[in-house]
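Chemist: In this note's numbering, the protein residues as written are 8 to 381.
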């Protein structure tokens with residue numbers, strides 16, 4: 008089979024790219040190795056800037072809306088930041104991803120789930136894509152296949168570093184416990200090196216997790232159980248828990264294209280190094296990739312415009328988030344005391360999540376006022 012574009016991976020980045028390409032009249036195949044819908048270990052928090060990247064229909068999936076964020080240090084000394092408007096809207100990733108795939112199919116993309124890409128060979132004027140059943144020919148391939156991207160490895164991209172790990176659990180709790188967490192995000196720092204724990208309310212349960220941006224953390228499951236015990240949250244044997252790798256962007260100006268290939272989302276290492284949030288960057292990079300591919304297929308340039316767009320539109324935010332993370336995660340007790348004394352710091356951080364402020368703005372604010380950021 009011949010396609011203009013094969014997209015490998017049907018997460019937010021891949022589905023967004025496929026949708027935008029199909030709308031432009033491009034013959035596109037969206038491949039997903041798992042059967043859809045599939046579970047994805049993720050807190051499922053959609054931040055304010057993410058809402059702007061989404062099409063109508065997603066709000067029907069919202070299970071809870073958080074209007075306040077509670078910061079803890081080792082499950083103690085809470086600092087609450089409340090807003091009169093939503094900060095984060097919470098969804099189940101399997102339902103959210105399925106919606107994006109349906110939107111891509113409605114736009115005209117061919118969708119195949121249970122379709123594992125096993126090999127990719129770039130040879131002008133095609134890319135050969137090997138699945139378990141056949142060999143596909145495409146003019147362009149988009150690697151949207153996650154932190155351990157096969158496409159990245161097959162096309163000899165410089166690999167993104169595996170920055171860290173996370174463990175997330177959909178935790179059944181009683182209605183009274185669930186009510187305690189309604190409309191709130193709980194973030195606890197200091198209980199794991201270079202990371203944090205979280206509790207997000209969903210429709211009938213809690214999404215509880217712990218993650219570290221360090222590759223040196225050992226026995227994540229024991230740390231997770233300790234985190235839950237301190238909060239008084241029982242982890243039953245029936246609780247569904249999954250681990251995930253947190254990738255990181257390459258330093259400098261990463262090259263995310265070849266002659267006929269692109270990387271998007273986690274496959275490109277586009278994850279916030281402070282919060283671990285990746286959905287916004289997945290949606291945005293998927294859209295940028297589609298724009299670059301459409302121009303390429305029309306003979307209006309090559310795919311390097313995609314790498315340039317990522318460098319200009321996404322990397323500045325990620326780089327400043329990394330600077331803030333380096334200070335915060337190395338000095339969490341000091342930072343918590345600073346926020347206790349200066350609550351405006353926490354408010355500005357949450358406003359970055361809202362999209363009303365940016366990481367560069369936050370960095371310059373902190374650097375101008377507090378010596379530890381200089």
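Quick reminder that beta carbons are idealized off the backbone N, C-alpha and C, glycines included.
It should be emphasised that the depicted structure is a prediction, and the values quoted were computed from it without experimental measurement.
So the alpha helix (DSSP H) residue 48 belongs to, where does it begin and stop?
Modeler: No alpha helix (DSSP H) contains residue 48, which DSSP labels as neither H nor E.
Chemist: Mind checking whether residue 262 and residue 289 have CB atoms under 9 Å apart?
Modeler: No, they are not a contact pair.
Chemist: Where does residue 337 land, buried or exposed, given buried means 16+ other C-beta within 10 angstroms?
Modeler: Exposed: under 16 other Cβ atoms inside 10 Å.
Chemist: Hey, residue 293 and residue 19: beta-carbon distance below 9 Å or not?
Modeler: Yes, Cβ-Cβ distance for residue 293 and residue 19 is below 9 Å.
Chemist: Give the single residue among 55, 296, 361, 202 whose Cα lies nearest to the Cα of residue 333.
Modeler: Answer by Cα proximity: 202.
Chemist: Rounded to the nearest angstrom, what separates residue 229 and residue 254 at their Cα positions?
Modeler: Each residue's alpha carbon lies about 22 Å from the other.
Chemist: Look up residue 315 in the DSSP assignment and say whether it is helix, strand or coil.
Modeler: In this structure, residue 315 counts as helix in the three-state DSSP scheme.
Chemist: If residue 51 sits next to residue 97, beta carbons under 8 Å apart, how far is it from one beta carbon to the other, in whole angstroms?
Modeler: That belief holds up - the Cβ atoms of residue 51 and residue 97 are roughly 5 Å apart, short of 8 Å.
Chemist: So, residue 364 versus residue 88, is the Cβ gap smaller than 9 Å?
Modeler: Going by C-beta atoms, residue 364 is not nearer than 9 Å to residue 88.
Chemist: Roughly how many whole angstroms lie between the Cα atoms of residue 346 and residue 14?
Modeler: The alpha-carbon atoms of residue 346 and residue 14 are separated by roughly 44 Å.
Chemist: Do residue 145 and residue 134 count as a contact pair if the criterion is CB distance below 9 Å?
Modeler: In contact: residue 134 and residue 145 (Cβ atoms closer than 9 Å).
Chemist: Of all the CB atoms in chain C, is at least one closer than 9 Å to the CB of residue 22?
Modeler: In the structure shown, chain C cannot be found, because there is only a single protein chain.
Chemist: Among 320, 374, 321, which one has its Cα closest to the Cα of residue 335?
Modeler: With distances taken between Cα atoms, residue 335 lies closest to 374.
Chemist: Can you give me the Cβ contacts of residue 119 inside the same chain, cut-off strictly under 8 Å, excluding the 5 residues immediately before and after it?
Modeler: The answer, listed in chain order, is 36, 37, 38, 39.
Chemist: Report the partner residues of residue 247 according to the DSSP bridge assignment.
Modeler: Residue 247 is bridged to 177.
Chemist: Do residue 249 and residue 175 have their CB atoms nearer than 9 Å?
Modeler: The answer is yes: Cβ separation under 9 Å.
Chemist: Less than 9 Å separating the beta-carbons of residue 72 and residue 360?
Modeler: No, these two residues do not count as a Cβ contact at 9 Å.
Chemist: Does the segment 292–311 come close enough to the segment 197–212 to have 3 or more Cβ pairs within less than 8 Å?
Modeler: Too few Cβ pairs lie closer than 8 Å, so no.
Chemist: How would you write the range of the alpha helix (DSSP H) that residue 235 sits in, first residue to last?
Modeler: From DSSP, the alpha helix (DSSP H) with residue 235 extends over 227–238.
Chemist: Along the chain, where does the alpha helix (DSSP H) containing residue 331 start, and where does it finish?
Modeler: Here the alpha helix (DSSP H) through residue 331 covers 322–337.
Chemist: Sort 132, 369, 260, 205 by Cα distance to residue 234 and report the nearest one.
Modeler: The candidate whose alpha carbon is nearest that of residue 234 is 205.
Chemist: Taking DSSP's pairing of strands, which residues face residue 210 in a bridge?
Modeler: In the DSSP output, where bridge partners are listed per residue, residue 210 has none listed.
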